Amino acid sequence: MFKAMKSSGFNLEDTHLTDLERISKLLAALAIAFVWAYLAGIDKHENIKPIRIKSMKEEHIVSLNMDLLELNAL
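This note's numbering puts the last residue of the sequence shown at 311; the count rises by one with no breaks.
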């Protein structure tokens, strides 16, 4: 969570806040946003449809048989 709050996420260091109350409120808001983003990422990851691999074997056999029929017809 620390790395996400720093340079690879919410850029907390760019706020330059010095008031402790404001920092506390900002951290609370960032923690809520971080948890929401984390849960949304988990949900999206779990609902990814797997890529269907098409089998060209059947089509290949049919095309080979058609080629053989064409050769025999000549």
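Every residue, glycine too, gets a C-beta built ideally from N, C-alpha and C.
From a predicted model like this one, the values you see are computed outputs, not experimental measurements.
CB-CB length for Leu254 against Ile260, believed under 8 Å: Confirmed, Cβ separation roughly 5 Å.
His253 - DSSP class collapsed to helix/strand/coil: His253: coil per DSSP, three-state reduction.
Cβ separation of Thr252 and Leu263, assumed to be a contact under 8 Å, to the nearest whole Å: Yes, Thr252 and Leu263 are in contact; Cβ-Cβ is about 7 Å, under 8 Å.
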